[in-house]
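In the UniProt record's numbering, the protein residues as written are 1 to 752. For each residue, glycine too, the CB sits at the ideal point set by N, CA and C. Please read the structure below before turning to the comments.
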Amino acid sequence: DRQTLVAVLQFLRRSNLRESEEILRREARLLGDDLGAAALSPAGAGLLGSAGGEGDVGGSEALLNRVTAAAAISIGGSVATVASASPGVAAAATVPPGKGEARGGDAGVPHLGRIVVSLCIFASSVRWSYKLLLNAFAVGGGVVEDQPDVSAVLSAYNQQGDPTLYEEYYSGLKNFIECSLDCHRAELSQLFYPLFVHMYLELVYNQHESEAKSFFERFHGDQECYYQDDLRVLSSLTKKEHMKGNETMLDFRTSKFVLRISRDSYQLLKRHLQEKQNNQIWNIVQEHLYIDIFDGMPRSKQQIDAMVGSLAGEAKREANKAKVFFGLLKEPEFDVPLDDEDEEGENEEGKPKKKKPKKDSVGSKSKKQDPNAPPQNRIPLPELKDSDKLDKVMNVKEAARRVRLGPECLPSICFYTFLNAYQGLTAVDITDDSSMIVGGFADSTVRVWSVTPKKLRSVKAAADLSLIDKESDDVLERIMDEKTASELKILYGHSGPVYGTSFSPDRNYLLSCSEDGTVRLWSLQTFTCLVGYKGHNYPVWDTQFSPYGYYFVSGGHDRVARLWATDHYQPLRIFAGHLADVTCTRFHPNSNYIATGSADRTVRLWDVLNGNCVRIFTGHKGPIHSLAFSPNGRFLATGATDGRVLLWDIGHGLMVGELKGHTDTIYALRFSRDGEILASGSMDNTVRLWDAVKAFEDLETDDFTTATGHINLPENSQDLLLGTYMTKSTPVVHLHFTRRNLLLAAGAYSSQ
1 DRQTLVAVLQ FLRRSNLRES EEILRREARL LGDDLGAAAL SPAGAGLLGS
51 AGGEGDVGGS EALLNRVTAA AAISIGGSVA TVASASPGVA AAATVPPGKG
101 EARGGDAGVP HLGRIVVSLC IFASSVRWSY KLLLNAFAVG GGVVEDQPDV
151 SAVLSAYNQQ GDPTLYEEYY SGLKNFIECS LDCHRAELSQ LFYPLFVHMY
201 LELVYNQHES EAKSFFERFH GDQECYYQDD LRVLSSLTKK EHMKGNETML
251 DFRTSKFVLR ISRDSYQLLK RHLQEKQNNQ IWNIVQEHLY IDIFDGMPRS
301 KQQIDAMVGS LAGEAKREAN KAKVFFGLLK EPEFDVPLDD EDEEGENEEG
351 KPKKKKPKKD SVGSKSKKQD PNAPPQNRIP LPELKDSDKL DKVMNVKEAA
401 RRVRLGPECL PSICFYTFLN AYQGLTAVDI TDDSSMIVGG FADSTVRVWS
451 VTPKKLRSVK AAADLSLIDK ESDDVLERIM DEKTASELKI LYGHSGPVYG
501 TSFSPDRNYL LSCSEDGTVR LWSLQTFTCL VGYKGHNYPV WDTQFSPYGY
551 YFVSGGHDRV ARLWATDHYQ PLRIFAGHLA DVTCTRFHPN SNYIATGSAD
601 RTVRLWDVLN GNCVRIFTGH KGPIHSLAFS PNGRFLATGA TDGRVLLWDI
651 GHGLMVGELK GHTDTIYALR FSRDGEILAS GSMDNTVRLW DAVKAFEDLE
701 TDDFTTATGH INLPENSQDL LLGTYMTKST PVVHLHFTRR NLLLAAGAYS
751 SQ
């Protein structure tokens with residue numbers, strides 16, 4: 001409303017942010033005279049007060065605080081997301097969804113919210129004014145300038161209780177939980193960690209440093225082992241000044257910690273806190289925690305341990321309710337010519353071979369439309385070129401000779417070891433047809449090798465191309481320059497370590513992403529850089545092409561993933577929601593969804609169509625570094641620094657398996673071509689093979705399990721382990737199954 005706008009404009013004028021004030025006035029269609037009139041009107045005078053008078057301190061700040069709250073409520077969830085993300089995200093997150101535009105947050109952002117965010121977009125040139133404005137409006141966002149009228153974030157920690165009693169409050173609750181019945185104890189024990197952090201931060205914020213130190217030393221040892229890294233960061237926050245701009249602090253403040261507790265356990269806790277009149281803890285529970293209450297039996301310690309451990313607790317059950325089209329798209333149909341040897345060959349006894357029934361189409365496997373598949377035209381996909389059709393024909397022929405894997409028939413493994421990789425190998429990818437391998441290095445180079453006898457050749461110079469007969473049958477062969485043939489091509493262009501590489505499905509292009517904040521698209525015809533995509537402000541950790549080409553995804557230190565198309569220099573979608581770096585990205589086989597793994601210890605599944613987050617998976621106890629979808633699109637495997645591989649049912653949004661065995665970070669996961677075997681590669685120098693068929697059979701996904709998350713994982717995953725293969729001293733950074741199910745692995749030899 002008008003009064004609110006006047007108050008905001010006055011605030012901007014007081015802060016000497018003239019440019020921002022002008023922009024907001026234009027947006028709101030308020031002229032300078034209107035502002036003066038409003039300020040001089042009785043209502044305006046009452047609200048804004050005289051300069052330096054009591055009205056200025058009381059009325060103006062009260063109004064600004066009301067504005068702050070109103071903006072936060074009206075913009076809803078999108079403010080928290082915007083506040084925790086980079087400036088680029090704020091701009092993109094509120095663009096109305098449309099063809100080729102970024103999408104995130106709510107479409108129906110009310111008027112004030114729109115003005116605030118528009119202002120943020122326009123004022124990006126004035127970085128610090130942008131920050132100040134965002135902070136003024138984002139309750140629960142990060143405050144840089146701790147001014148009394150805009151410090152909404154930290155003010156939640158204003159003194160509410162006697163600092164000397166904090167230890168007593170906490171130990172009282174601890175004793176109550178430890179003495180409660182076993183069935184409730186496991187659930188209520190989840191409260192220990194978030195309460196410990198918030199009580200400690202409250203003491204630090206209110207400058208009770210000695211009490212905070214004593215509180216930390218007494219209780220930090222009681223927390224679960226998987227929170228040790230977070231506690232180490234927390235222990236460095238010992239003064240109020242340390243809290244400003246600290247990421248861990250802001251993560252805890254901007255996102256409510258989610259606990260899933262049965263109704264009986266919750267009632268027990270509520271009754272205890274009310275009887276003891278323990279308002280301090282009750283206030284924290286209400287303000288900073290989100291308790292997801294379910295009806296039914298409380299969960300066991302094992303069930304809870306499997307699901308917790310992320311930076312913001314578990315996922316709300318509501319987060320995994322949206323429908324996901326996890327089925328595969330119907331393959332286009334076209335004829336496959338038979339090989340001569342199939343038609344005329346004779347076997348040893350001299351009898352003519354039985355003719356194989358002619359495969360009439362590539363799509364013969366998926367003739368029927370998968371009921372769980374998205375509509376064919378849900379997102380626009382590139383049309384198949386003749387070369388793509390030819391490649392699919394080759395794929396079908398190779399598939400006919402594919403080895404059927406299983407517990408009795410394990411794949412052979414071919415390991416590519418990078419020797420003398422003094423440049424530091426940081427990323428590897430292999431083409432779908434296994435003809436080329438690429439390495440990204442810490443010296444900012446990208447190196448492409450041919451792993452077949454066929455050497456890599458560049459296209460001839462333009463002058464030479466004009467002499468070629470374009471109508472000849474072997475024109476594609478003639479355009480290649482034999483003088484450039486070599487096994488290795490080195491691509492220069494990045495100015496920092498290369499952390500991710502990805503070949504396009506048609507093998508014409510290569511993506512690489514780097515610490516320099518860019519993603520580069522290289523031509524494999526000319527071995528030159530075609531485009532540098534600049535959207536991330538910080539290192540980009542991973543990038544991957546869609547299985548259909550054209551689209552690709554990138555994720556980085558700025559906590560967001562971006563969806564791009566090769567012919568757009570701006571991202572099409574920005575996926576904001578993670579609370580820490582996006583460390584790995586993967587397209588679903590149907591290209592309608594993208595999975596991202598993060599250092600916040602969660603995996604999210606995003607819908608490419610509208611940018612919404614449709615699944616949040618928690619359970620890992622460390623940053624996630626590898627993702628793999630099963631070939632049928634139903635399941636997702638994830639690997640992390642905790643050495644565990646977790647298996648997820650995408651349709652039901654449930655964890656369905658846990659594979660233990662690795663002793664270090666898992667950097668590579670890959671399903672065999674038919675999905676019978678899952679291979680995992682780790683920094684512990686081993687490749688392990690797991691029985692995927694057995695892991696996914698007889699899954700309990702009844703309505704009760706889906707509703708409450710009562711997952712029942714097998715006690716021991718060793719009966720799913722089919723084999724462990726050691727390297728001499730080479731960490732495994734990439735795995736790839738060839739079209740015939742030979743497993744290729746890659747890594748750099750480490751002399752330590």
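- The distance from the Cβ of Y227 to that of M199 is about 15 Å, inconsistent with a contact at the 8 Å cut-off.
- Looking from the CA of P371, the closest CA among R378, E333, N377 and L329 belongs to L329.
- Counting every other CB atom within 10 Å of its CB across the protein chains shown gives G309 a total of 16 or more, marking it as buried.
- The continuous stretches of alpha helix (DSSP H) do not include L181, and DSSP gives it neither H nor E.
- Distances from the alpha-carbon of C409 to those of S672, I711, A186 and E318 put S672 closest.
- Taking C-alpha positions only, Q280 is separated from K316 by approximately 25 Å.
- Distance from the Cα of R2 is smallest, within the candidate group L24, M394 and D516, for L24.
- For V459, the secondary structure class from DSSP, reduced to helix, strand or coil, is strand.
- Here the alpha carbons of G517 and L721 stand approximately 39 Å from one another.
- Here K483 carries a helix assignment [DSSP, helix/strand/coil].
- Under the three-state reduction of DSSP output, D607 falls in the strand class.
- Spanning the alpha carbons of T602 and R232 requires a straight line of approximately 20 Å.
- Taking the Cα positions, A485 is about 13 Å away from R478.
- Here the C-alpha atom of F215 lies approximately 41 Å from the C-alpha atom of A668.
- Judged by their CB atoms, V324 and V519 are not nearer to each other than the 7 Å cut-off.
- Scanning the UniProt repeat "WD" (659-691) from its first residue to its last, the whole beta strand (DSSP E) runs of 3-plus residues come out as 666-671, 677-682 and 686-691.
- The beta carbons of S554 and V540 sit closer together than 7 Å.
- For Q544, the uninterrupted beta strand (DSSP E) run begins and ends at V540 to F545, by DSSP.
- Contact between D264 and H184 holds: CB atoms are separated by about 7 Å, below the 8 Å threshold.
- Ranked by Cα distance from S412, the first of S750, F11 and N741 is N741.
- Shown here, D222 sits in a helix according to DSSP, grouped into three states.
- Judged by DSSP secondary structure, Y200 falls outside any beta strand (DSSP E) and instead within the alpha helix (DSSP H) spanning F192 to Y205.
- Inter-residue distance for D581 and I430 is about 25 Å (C-alpha atoms, whole angstroms).
- Ranked by how close their Cα comes to the Cα of R404, the residues D295, D674, N685 and L9 have D674 in first place.
- Around the beta carbon of R18, a 10 Å sphere encloses fewer than 16 other beta carbons of the protein chains shown; the residue is thus reported as exposed.
- DSSP places V258 inside the beta strand (DSSP E), whose first and last residues are F257 to S262.
- C225 counts as exposed, since fewer than 16 other beta carbons sit within 10 angstroms of its beta carbon.
- C529 sits away from G496, with the two beta carbons spaced by 7 Å or more.
- Counting other Cβ atoms within 10 Å of its Cβ, M307 reaches 16 or more and is therefore classed as buried.
- Across the structure, S450 and G440 are spaced so that their CA atoms are roughly 15 Å apart.
- Relative to N320, the option among L269, D607, M480 and S680 whose CA is nearest is D607.
- For the 7 Å CB-CB criterion, V732 and A748 do not form a contact.
- The shortest C-alpha to C-alpha distance from C414 to any of V6, R26, V687 and E697 is the one to V687.
- Residue state for V403 is assigned as coil, using DSSP reduced to three classes.
- Under the DSSP definition of a beta bridge, K489 partners with V448.
- Note that the stretch 691-699 touches the stretch 647-666; at least 3 beta-carbon pairs, one per stretch, sit closer than 8 Å.
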